[in-house]
């Protein structure tokens, strides 16, 4: 068995202060392997997004350790965490979070730009990523000129253009209609076929269950169940 | 109109197209364009995207810089005007009454001091110069104070310049005086040959100058040394200054020391020292310079606050984008660059407009009593000041983005 891309062990995450303090994660263990599309499901407030933030190096866990490609993030300062995200993690957000004043191509290129890649090769990579998600004809379109599904495709291209080892998606289909949701998940499945890349999708959209290799259920900050159905749609 | 101007400026950045709702036809790919650094593209597009805010920022910068330009231009002009007589005098050294604060200080020296100075080796000439106030009686009645300057043409001294009618030689003719055309109204004269009186002595306009203005608003009247003493009413053995010329090859500092040893009741100043002393008195001894500096400082503060406020609110509006940048792994430096580029672009646009208006102010005040001056050095200084002001203004915005939690992208 190959080593996990991201591994969280005994993760505890306490949020808030004083009387408002809550334990969003209560000792979570989760490892994401390459070539696998994992769904993280659970009710609102169960800790899904917190776990995604911790695994994606956006939050430092109160207790426990996160390893990305074997590198522990414990004690790493915010700039170091940013570098880990820059090098290894691609994010997809429910509301896309595209830059409204940049074109689709520039939005994707931005990920490479923050890594210092500013050559013609970088532009070619960004184009390729957009072509991969089916947006060859929308390279120079601004987000306001794109449909929700197209915007999410740009976000996916942005997540994969840097050859991220882990793609973490937060409710990527929640803002989309059924047809677009399915189309987006098909793209996600394609991305997850890369054995060097793990894909974690936080969702409570039952429509996308058939796309998963693995489904993890979380409730009240704890993983309560895990199943490995045979992915039906690929 | 301002919006259109900003749009033109936006277009001037090659490859940076200010997005608008009507540019970008749907589904049609635009031709590939040369890419500027993306951090610059992002900053400029964010800046030009919200034109109302950009206009507010630019207006703030423009007002601020114009205020500073006018104040500093006046300062520069004033600092030159207060030394204009010293600048136009032909002297290596000035023998001045002890404690003299400025050129216009009408204390007197005894003529014996001149002879003592002339006895010093290396002194070629020590020409007397007299200055003082007199009452100019207008040809058609009434009177006005004037500032009389008396110096002989044959010796190094202080003669009128910028002569537009008559000649220096004519000052040697009986009753001849030189006046500036800008004071014709005050003096009740309008042409060569017009007659007035000072201390019951006739004063005939024999020379007319242009642009010799007094910052005190009292008109200057040039004449010969002896005649000036008569107009002012001082004894024949008195003078205000002695203007020393050293012989070629003599060391000015050595000559100065030797004169100073002989003229105990006087001071011996180099031209630069006298200029500096006059400038210090008028600019700082009277508070005039401090007032001009205070005005300039106020302009800088107002500009900084306005730019800081608009940059901060712009940053707040784009917080989501900055959080996204942080989430995708951008460094703090990258984000700071975006904000600084916005600040610097605002500075450049604001400065260009302010400089244009400033030059108009310079043009329109050129013939006034106190023109606003603009030099390449002042222009460069103002540009640097604008950049620094906008960079400082960016601090609050930078501090705001430094506090961003990238995880906020999940909750928005």
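Chains as they are written, first to last, in my numbering: chain A, 1 to 234; chain B, 1001 to 1412. The beta-carbon is built from N, C-alpha and C at its ideal position, and this holds for glycine as well. No experiment lies behind these values; they were computed from the predicted model shown.
Under 7 Å from the C-beta of residue i: neighbouring residues of chain A
i, result
"residue 1334 of chain B", "114"
"residue 1437 of chain B", "The structure shown does not extend to residue 1437 of chain B, since chain B is modelled only from 1001 to 1412, so the question has no answer here."
"residue 1054 of chain B", "None at all; the shortest Cβ gap to chain A is about 13 Å."
Amino acids of chain A, ordered along the chain, whose beta-carbon sits closer than 9 Å to that of residue i
i, result
"residue 1311 of chain B", "The premise fails here: residue 1311 of chain B is roughly 16 Å from chain A at the closest Cβ pair, so nothing lies under 9 Å."
"residue 1344 of chain B", "Neighbours of residue 1344 of chain B on chain A: none; closest Cβ ~18 Å, over 9 Å."
Exposure label - residue i; buried when at least 16 CB within 10 Å
i, result
"residue 71 of chain A", "exposed"
"residue 1140 of chain B", "exposed"
"residue 77 of chain A", "exposed"
"residue 1399 of chain B", "exposed"
"residue 1364 of chain B", "exposed"
"residue 225 of chain A", "exposed"
"residue 1034 of chain B", "Any answer about residue 1034 of chain B is weak, because its pLDDT of 46 lies below 50 and its placement is not dependable; what the coordinates show is given next. It is exposed - the Cβ of residue 1034 of chain B has fewer than 16 other Cβ atoms within 10 Å."
"residue 1088 of chain B", "exposed"
"residue 223 of chain A", "buried"
"residue 143 of chain A", "buried"
"residue 89 of chain A", "buried"
"residue 1195 of chain B", "exposed"
"residue 1411 of chain B", "exposed"
"residue 1246 of chain B", "buried"
"residue 21 of chain A", "exposed"
"residue 1115 of chain B", "exposed"
Cβ of residue i within 8 Å of any chain B Cβ
i, result
"residue 71 of chain A", "no"
"residue 65 of chain A", "no"
"residue 205 of chain A", "no"
"residue 49 of chain A", "yes"
"residue 211 of chain A", "no"
"residue 247 of chain A", "Examination of residue 247 of chain A is not possible in this model, given that chain A is present from 1 through 234 alone."
Selection from the options that minimises the alpha carbon distance to residue i
i, options, result
"residue 117 of chain A", "A:100, A:137, A:87, A:102", "A:87"
"residue 1172 of chain B", "B:1206, B:1192, B:1185, B:1145", "B:1206"
"residue 1231 of chain B", "B:1246, B:1253, B:1240, B:1203", "B:1203"
"residue 1163 of chain B", "B:1295, B:1222, B:1087, B:1111", "B:1222"
"residue 1062 of chain B", "B:1107, B:1405, B:1229, B:1306", "B:1306"
"residue 1166 of chain B", "B:1156, B:1157, B:1355, B:1178", "B:1178"
"residue 159 of chain A", "A:125, A:138, A:175", "A:125"
"residue 229 of chain A", "A:112, A:178, A:208, A:42", "A:208"
"residue 1274 of chain B", "B:1085, B:1047, B:1048, B:1042", "B:1085"
"residue 1184 of chain B", "B:1146, B:1200, B:1161, B:1156", "B:1146"
"residue 206 of chain A", "A:192, A:182, A:187", "A:182"
"residue 200 of chain A", "A:92, A:69, A:21", "A:92"
"residue 85 of chain A", "A:188, A:174, A:60", "A:60"
"residue 62 of chain A", "A:148, A:178, A:9", "A:9"
"residue 174 of chain A", "A:5, A:165, A:185", "A:185"
"residue 962 of chain B", "B:1190, B:1403, B:1251", "Outside the shown range of chain B (1001 to 1412) lies residue 962 of chain B, about which nothing can therefore be said."
Partner residues on chain B for residue i, Cβ-Cβ distance less than 7 Å
i, result
"residue 119 of chain A", "Here the premise fails: no neighbours, minimum Cβ distance about 10 Å."
"residue 106 of chain A", "1038, 1041"
Min CB distance residue i to chain A below 8 Å
i, result
"residue 1088 of chain B", "no"
"residue 1041 of chain B", "yes"
"residue 1321 of chain B", "yes"
"residue 1162 of chain B", "no"
"residue 1399 of chain B", "no"
"residue 1038 of chain B", "yes"
Neighbourhood of residue i by C-beta, 6 Å cutoff - its chain only, sequence neighbours within 5 removed
i, result
"residue 7 of chain A", "31, 67"
"residue 1256 of chain B", "1093, 1268"
"residue 1119 of chain B", "none"
"residue 1023 of chain B", "Note that residue 1023 of chain B scores a pLDDT of 37, beneath 50, so its modelled location is shaky; the value from the coordinates is reported in the next line. Correct list: empty, nothing qualifies."
Cut-off 8 Å between Cβ atoms - residues of its own chain near residue i, not counting five sequence neighbours on either side
i, result
"residue 1215 of chain B", "1078, 1081, 1082, 1282, 1369, 1370"
"residue 1361 of chain B", "1066, 1069, 1070, 1073, 1372"
"residue 1153 of chain B", "1159, 1168, 1169, 1171, 1172, 1224"
"residue 1300 of chain B", "1064, 1068, 1385, 1389"
"residue 1284 of chain B", "1290"
Interface partners of residue i on chain A, CB under 8 Å
i, result
"residue 1329 of chain B", "82, 83, 84, 85, 86, 87, 89, 111, 114, 115"
"residue 1325 of chain B", "110, 114"
"residue 1045 of chain B", "101, 102"
Chain-ordered chain B contacts of residue i [CB-CB under 9 Å]
i, result
"residue 53 of chain A", "1406, 1407, 1410"
Close Cβ partners of residue i (< 7 Å) along its chain, the five nearest in sequence each way excluded
i, result
"residue 1027 of chain B", "Note that residue 1027 of chain B scores a pLDDT of 41, beneath 50, so its modelled location is shaky; the value from the coordinates is reported in the next line. Cβ within range, chain order: n/a, list empty."
"residue 1327 of chain B", "1406, 1409"
"residue 1336 of chain B", "1398"
"residue 1393 of chain B", "1304, 1307, 1308, 1311, 1343"
Contact list for residue i against chain B, beta-carbon separation under 8 Å
i, result
"residue 173 of chain A", "What residue 173 of chain A touches in chain B: nothing, since even the nearest Cβ is about 15 Å away."
"residue 170 of chain A", "1410"
"residue 79 of chain A", "1331, 1332"
is_contact[residue i, chain C] using C-beta, thresh 8 Å
i, result
"residue 1365 of chain B", "This model lacks chain C altogether; the protein chains it does include are A and B."
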